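Below is one structure, written out as structure tokens, with a few remarks after it.
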Ligand code: AR6
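Residue numbers (this note's numbering): 7 to 177.
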């Protein structure tokens, strides 16, 4: 099964690449970004990110996975939700697509992505979940990769159960 929705802590996923819901400065933040920096090594990951400078919303950059089980971390700043009429859906799709393309270009066979923008950036979870699943599914029509969409909090998990029948829970 090429796309699996799992409930897990993304920092613990044993995959070739995990995706960070980053900010455009590529600095350590809260949420999944904070968890990834802490798990990978704050100082070392900050240094690796500084080599890239900034990253635009919807684009993606890649660093080493450092102390994580994952070989790479792909950092993508998703859009901040501003009501839905500021290209949020287009930019969120771009975050998923550019992350997947970057993983493919680095020969990744497996990747785990969080629900980008649905925490601190305020994107409505149901819409974000639909965009994530449809964008990943389109990518998988043309590429061979094992993709995990990782939900973390209780409400995302409940929503995933409601919308999609098969969910694997690890926490
Ligand atoms: N594993 C998987 N998912 C997680 C984890 C985890 N360990 N921790 C949180 N989530 P957020 P955003 C989920 O806020 O909205 C940072 O400061 C969380 O439940 O991490 O894109 C960055 O530096 C939510 O569903 O990212 C940016 O400044 C999802 O990850 C800003 O926040 C995304 O929530 C990005 O905000």
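Glycine residues also receive a C-beta, built at the ideal position from the N, C-alpha and C atoms. If you're wondering where the values come from, they're calculated on a predicted model, not measured in any experiment.
**OP:** Tell me whether residue 109 counts as near the ligand AR6, meaning its Cβ is closer than 7 angstroms to at least one heavy atom of that ligand.
**Re:** Taking the first residue of the chain shown as 1, we reach residue 109 at position 103. Not one heavy atom of the ligand AR6 sits closer than 7 angstroms to the Cβ of residue 109.
Original post:
Among residues of its own chain, excluding the 5 on either side of residue 67, which ones have a beta-carbon nearer than 6 angstroms to its beta-carbon?
Top reply: Taking the first residue of the chain shown as 1, we reach residue 67 at position 61. Apart from the 5 residues on each side of it in sequence, residue 67 sits with its Cβ closer than 6 angstroms to the Cβ of 58, 61 and 81 in its chain, given in chain order.
Original post:
Under the criterion of a Cβ to heavy atom distance below 7 angstroms, does residue 130 qualify as lining the ligand AR6?
Top reply: Residue 130 sits at position 124 when you count from the first residue of the chain shown. Checking the Cβ of residue 130 against the ligand AR6 gives no.
**OP:** Identify which residue in 101, 71, 127 and 154 has its Cα closest to the Cα of residue 88.
**Re:** For the purposes of this step, residue 88 is identified with residue 82 of the chain shown, where counting begins at 1. Nearest Cα to residue 88 within the set 101, 71, 127 and 154: 127.
Original post:
What does a CB cutoff of less than 7 angstroms around residue 241 pick up in its chain, not counting 5 residues either side in sequence?
Top reply: The requested residue 241 is not part of the displayed model; the chain covers only 7 to 177.
Original post:
Listed by chain order, which residues have C-beta atoms less than 6 angstroms from any heavy atom of the ligand AR6?
Top reply: For the ligand AR6, the selected residues are 15, 16, 17, 27, 28, 29, 35, 36, 37, 38, 39, 41, 84, 120, 121, 122, 123, 124, 125, 126, 127, 156, 158, 159 and 162.
Original post:
Identify the residues that DSSP records as bridge partners of residue 10: which are they?
Top reply: By one-based count along the chain shown, residue 10 stands at place 4. Answer is 154, bridged to residue 10.
**OP:** Pull up the distance between the alpha-carbon of residue 94 and that of residue 74, whole angstroms please.
**Re:** Reading the chain shown from its first residue, position 88 is the one you call residue 94. Reading the chain shown from its first residue, position 68 is the one you call residue 74. One C-alpha to the other measures close to 30 angstroms.
Original post:
Counting Cβ pairs, one atom from each stretch, are 3 or more of them under 8 angstroms apart for the stretch 9-20 and the stretch 143-161?
Top reply: Contact check between the stretch 9-20 and the stretch 143-161: three or more CB pairs, one atom from each, fall below 8 angstroms, which counts as touching.
Subject >> Where residue 126 falls: helix, strand or coil (DSSP) >> reply: Working through the chain shown from its first residue, we reach residue 126 at position 120. If DSSP states are grouped into helix, strand and coil, residue 126 belongs with coil.
**OP:** Spatial neighbours of residue 143 within its chain, please: CB distance less than 8 angstroms, with the 5 preceding and 5 following residues excluded, ordered by chain position.
**Re:** Counting from one through the chain shown, the residue named residue 143 turns up at place 137. So the list reads 9, once near-sequence residues are dropped.
Original post:
Which parts of the stretch 100-146 are runs of the alpha helix (DSSP H), unbroken and 4 residues or longer, counting only runs that do not cross its ends?
Top reply: The stretch 100-146 contains no complete alpha helix (DSSP H) run of 4 or more residues.
Original post:
Any idea what DSSP makes of residue 30, helix, strand or coil?
Top reply: By one-based count along the chain shown, residue 30 stands at place 24. It is coil, neither helix nor strand.
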